[in-house]
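Below is one structure; the comments refer to it alone.
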Amino acid sequence: MKPEELRYAETHEWVAVRDEGGRKVGTVGITAFAIEQLTDLVHMVLPKIGKAVEQGKEFGEVESVKAV
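Below is the structure:
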């Protein structure tokens with residue numbers, strides 16, 4: 009993935025969207041800044057593969073030693 013292909017949220021998450029057989033499929037991540045701020049990640053909750061999510065709506069959780 010190239011940075012210019014990603015869509016970023018103000019809260020330091022990103023998504024890369026691609027078309028797979030007529031369906032939009034996204035890969036999500038967090039920026040380097042977010043990783044530096046969170047330090048050690050201790051838990052993540054993400055939807056099952058194939059589950060539909062909506063733009064602007066929460067769909068998971070990242071927990072670190074510093075924040076939830």
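Residue numbers (this note's numbering): 9 to 76.
No residue lacks a Cβ here, since even glycine has one placed at the ideal position from N, Cα and C.
For clarity, every value in this text was computed on a predicted model and none was experimentally measured.
- Per DSSP, the continuous beta strand (DSSP E) segment holding Ala-24 begins and ends at 21 to 28.
- At a Cβ-Cβ threshold of 7 Å, Gly-68 and Leu-49 do not count as neighbours.
- Here Leu-54 carries a coil assignment [DSSP, helix/strand/coil].
- When the five nearest sequence neighbours on each side are left out, the beta carbons in the same chain lying within less than 7 Å of the beta carbon of Ser-72 are those of Leu-46, Thr-47, Asp-48, Leu-49 and Val-50, in order along the chain.
- Short of 8 Å from the beta carbon of Arg-15, and not among the five residues preceding or following it, lie these beta carbons of its own chain, in chain order: Trp-22, Val-23, Ala-24 and Val-25.
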